[in-house]
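Q:
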Ligand SMILES: [Mg+2]
Ligand SMILES: [Zn+2]
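Residue numbers (this note's numbering): -16 to 196.
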């Protein structure tokens, strides 16, 4: 049987709140944030431009932002248990995020979780943070800086279970074998007629996967 790969988004999925949005508003420029966020919703500003412009005005030291992230981030219940369950079942578990290694790794370490992580990186320059991209900018399906090709490569022809909540999850989720979705991603899939399972926390996901495996 082909291997199962669990692909899990970070911000707003593993974490209860979207820390990228929080940092962009707290350490960046609130007006720019609102402008590009509305543009993303309307489809007039591409994702890569949104992230670039949100973090360009951030001039804080990385250590200060990491400290803020660790203080404010709460992880959705059942995350660690799901990682352990995946390990026990032989499922591959990969966190795939449009956020930054530098901010995600400290949270995973705090939770005592060691998993594969695919994310962008940031160069926290004093004259404004620069994003170092880990995803192509030209998805054949959506045209965005998109997780789909990365997820395809990770799954290597096996079953993909996708867990996500937002804009950057749309294209990869549509391509997955099974989807757990909440918030914006759930609304998007509703509109596209793509089936998914709603979830509150990772206990829900684990239960569904173990019972319905
Ligand atoms: Mg998200
Ligand atoms: Zn795409």
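The C-beta atom is built at its ideal place from N, Cα and C for all residues, glycine as well.
By a C-beta neighbour count over all protein chains shown, 10 Å radius and 16 as the cutoff for buried, is residue 124 buried or exposed?
A: Here residue 124 is taken as the residue at index 141 of the chain shown, counted from 1. Looking at its Cβ environment, which holds fewer than 16 other Cβ atoms inside 10 Å, residue 124 is exposed.
Q: Hey, quick one: how far does the beta strand (DSSP E) through residue 103 stretch, first residue to last?
A: Residue 103 sits at position 120 when you count from the first residue of the chain shown. Note, residue 103: beta strand (DSSP E), 99 to 108.
Q: Identify whether residue 185 lies in helix, strand or coil by the three-state DSSP scheme.
A: Sequence index remark: in the chain shown, residue 185 carries index 202 (1-based). Looking at residue 185 - three-state DSSP - the assignment turns out to be helix.
Q: Can residue 151 be considered in contact with ligand 1, in the sense that its beta carbon sits closer than 8 Å to one or more heavy atoms?
A: Against the chain shown, residue 151 aligns to sequence position 168. Yes - ligand 1 has a heavy atom lying nearer than 8 Å to the Cβ of residue 151.
Q: Output the distance between the C-alpha atoms of residue 98 and residue 120, rounded to the nearest integer angstrom.
A: On the chain shown, position 115 is the one that residue 98 refers to. On the chain shown, position 137 is the one that residue 120 refers to. If I take the Cα positions, the gap works out to 25 Å.
Q: Counting only runs of 3+ residues fully inside the segment 140 to 184, write out the beta strand (DSSP E) ranges in chain order.
A: 142 to 147 and 161 to 164
Q: Counting along the chain, where does the beta strand (DSSP E) carrying residue -12 start and finish?
A: On the chain shown, residue -12 is found 5 positions in, with the first residue counted as 1. Start and end: -13 to -9.
Q: Within the same chain, show all residues whose beta-carbon is closer than 6 Å to that of residue 153, passing over the 5 residues directly before and after it, in chain order.
A: Position 170 of the chain shown, counted from the start, is the residue given in the question as residue 153. So the list reads 171, once near-sequence residues are dropped.
Q: When every heavy atom of ligand 1 is checked, does at least one fall within less than 8 Å of the C-beta of residue -4?
A: Taking the chain shown and counting its residues from 1, one reaches residue -4 at position 13. Ligand 1 approaches residue -4 closely enough that one of its heavy atoms is under 8 Å from the residue's Cβ.
Q: Output needed for residue 122: all residues of its chain with C-beta closer than 8 Å, excluding positions within five of it in sequence on either side, in chain order.
A: Within the chain shown, the letter at position 139 stands for residue 122. Within the same chain, residue 122 has close Cβ partners 128, 129, 131, 132 and 154.
Q: Could you give the DSSP three-state label for residue 22: helix, strand or coil?
A: Reading the chain shown from its first residue, position 39 is the one you call residue 22. Helix at residue 22.
Q: Assess, as a yes-or-no matter, whether the segment 1 to 17 is touched by the segment 48 to 68 under the definition of 3 or more beta carbon pairs within less than 8 Å.
A: yes
Q: Excluding sequence positions up to five away, which residues of its chain have a Cβ less than 8 Å from the Cβ of residue 9?
A: Here residue 9 is taken as the residue at index 26 of the chain shown, counted from 1. Answer for residue 9: 51, listed in chain order.
Q: Candidates 102, 107, 110 and 108: which alpha carbon is nearest residue 118's?
A: In the chain shown, the residue the question calls residue 118 occupies position 135. The candidate whose alpha carbon is nearest that of residue 118 is 102.
Q: How should residue 111 be labelled, buried or exposed, when 16 other C-beta atoms within 10 angstroms of its C-beta is the threshold for buried?
A: Taking the first residue of the chain shown as position 1, residue 111 is located at position 128. Exposed.
Q: Less than 8 Å between the CB atoms is what I'm expecting for residue 34 and residue 81, so what's the real figure, rounded?
A: Translated into positions along the chain shown, residue 34 becomes position 51. Translated into positions along the chain shown, residue 81 becomes position 98. Contact holds; Cβ gap of about 7 Å.
Q: Near residue 89, which residues of its chain fall below 8 Å by C-beta distance, leaving aside the five closest residues on each side in sequence?
A: Numbered from 1 along the chain shown, position 106 holds the residue referred to as residue 89. Taken in chain order, the residues that qualify are 49, 52 and 53.
Q: With a CB to CB cut of under 8 Å and the five nearest residues on each side skipped, what residues in its chain are close to residue 60?
A: Along the chain shown, one-based indexing puts residue 60 at 77. So the qualifying residues of the chain are 184, 185 and 186.
Q: What is the DSSP secondary structure of residue 124, reduced to helix, strand or coil?
A: Along the chain shown, read from residue 1 onward, the residue named residue 124 stands at position 141. Residue state, collapsed to three classes: coil.
Q: What residues match up with residue 83 in a beta bridge as DSSP calls it?
A: Within the chain shown, the letter at position 100 stands for residue 83. Residue 83 pairs with 103.
Q: With DSSP run on the structure shown, which of helix, strand or coil describes residue 10?
A: As a position in the chain shown, residue 10 is number 27, starting the count at 1. For residue 10, the three-state secondary structure derived from DSSP is coil.
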